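For what it's worth, the numbering used here labels the leading residue of the sequence shown as 3, then goes sequentially.
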Amino acid sequence: MIEFIIRKLVNDYQNVTNQNVREAYGVLSGVLGIICNLLLFFIKLSIGIIINSIAVISDAFNNLSDLGSSVINIFGAKISNRPPDENHPYGHGRFEYIASLIISFIIFGVGLQLLKISFDKITNPEPVTYSPILIAILFISISIKLWMYSYNMYIGNTINSSINRATASDSLNDMLATGGVIAGTILGQFVSFPVDGVLGLIISILIIYTGFSIARDSINLILGPAPDPKLVRNINSIMLQCKRIEGTHGLLVHEYGPGKIMASIHADVSCEGADPIDISTEIDEIQQKIEEKLGIDILIHVDVVPDVHSGGKKMERYYKKSNP
């Protein structure tokens, strides 16, 4: 279903490396999240008022608060797509990681709140009231949250978005929490043990761990992790396709958001019988090939390999003049 919606609403949807297309994906996922959470809010609020259930009404307002993740998703997609400016010459792509970090705080807060409620249920157990209507509502909630998890993971993997993956984790946590309520409500009819509190305790720990994991990954991306070994191998492989390049060293990779990677590398270039213009042309071709195949804006520094031939001396003088 999400693929059909994307095809209808996202122009040039297959060009996921285009920043405007990425923004359209992000805004679409945020709008869908707002619609789904508003739908859950009105359904639960209406039924909660009809059956006079404070639990259902409280859960309705919990869905209303879930709108926060969807709103952050939209703002994250738009801000991260802003073009470079004087103060941010490399663009605003890293704001996506900040947005993911904010969502991780929301998840962490939900986990702590559920942890507190679970402890209260264990220390002060109360009889669990079974209601077929309540169970039906909770199953509807799980179904909608399952779809939200599914489409956020699909979009997150399609455009490599940490925001959507974090939002998917948020939906998954809601499913776990709601599933715990259903299990606790049903099992509570047969045992006196506060099973709902124990299940809530286990689920809250899982939610807290999820929030911590997303925060850790987001902070790692903001600080700048080491380059992917596979990416390093691919860069070196393309570099060494040039017969004049005898080796490489000093690779630096900087990521300024998904799909916005800049790099620099030193190439040891054989200067025997070399013409400066030919070498410069070959280096430009290698840079262009890396950009086309790997999507990396790379700068290659030429380190001339010295030799005793006049061509080498000519080459060395040229690059000293060009790169003082």
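Positions of the beta carbon are idealized from the N, C-alpha and C atoms, including for glycine.
If you're wondering where the values come from, they're calculated on a predicted model, not measured in any experiment.
CB contact flag (residue i, residue j, <8 Å)
{"i": "Gly28", "j": "Ile76", "result": "yes"}
{"i": "Leu30", "j": "Leu42", "result": "no"}
{"i": "Ile161", "j": "Val306", "result": "no"}
{"i": "Pro260", "j": "Glu25", "result": "no"}
{"i": "Leu117", "j": "Ile210", "result": "yes"}
{"i": "Ser173", "j": "Met150", "result": "yes"}
{"i": "Ser164", "j": "Leu223", "result": "yes"}
{"i": "Ile2", "j": "Val304", "result": "Nothing about residue 2 can be reported from this structure: the residues present for the chain run from 3 to 326 only."}
{"i": "Lys46", "j": "Asp61", "result": "yes"}
{"i": "Pro196", "j": "Ile124", "result": "yes"}
{"i": "Thr250", "j": "Asn236", "result": "no"}
{"i": "Asp270", "j": "Glu287", "result": "no"}
{"i": "Tyr258", "j": "Tyr92", "result": "yes"}
{"i": "Lys147", "j": "Asp122", "result": "no"}
{"i": "Gly186", "j": "Asp198", "result": "yes"}
Three-way DSSP call (helix, strand, coil) for residue i in this model
{"i": "Met3", "result": "coil"}
{"i": "Val306", "result": "strand"}
{"i": "Gly70", "result": "helix"}
{"i": "Gly249", "result": "strand"}
{"i": "Glu274", "result": "coil"}
{"i": "Asp299", "result": "strand"}
Residue environment, residue i, which counts as buried when at least 16 other CB atoms sit within 10 Å
{"i": "Val183", "result": "buried"}
{"i": "Asp87", "result": "exposed"}
{"i": "Val73", "result": "exposed"}
{"i": "Ile52", "result": "exposed"}
{"i": "Val193", "result": "exposed"}
{"i": "Ile135", "result": "exposed"}
{"i": "Glu294", "result": "exposed"}
{"i": "Tyr153", "result": "buried"}
{"i": "His94", "result": "buried"}
{"i": "Asp68", "result": "buried"}
{"i": "Arg96", "result": "buried"}
{"i": "Ile7", "result": "exposed"}
Q. Below 8 Å, can you find three or more Cβ-Cβ pairs linking the region 211 to 223 to the region 231 to 246?
A. no
Q. Does the region 262 to 270 come close enough to the region 291 to 299 to have 3 or more Cβ pairs within less than 8 Å?
A. yes
Q: Let me know the alpha helix (DSSP H) ranges lying completely inside the region 221 to 246, each 4 residues or longer, listed in chain order.
A: 231 to 241
Q: Kindly provide the ranges of any alpha helix (DSSP H) runs that are 4 or more residues long and lie completely inside the region 96 to 156, ordered along the chain.
A: 97 to 125
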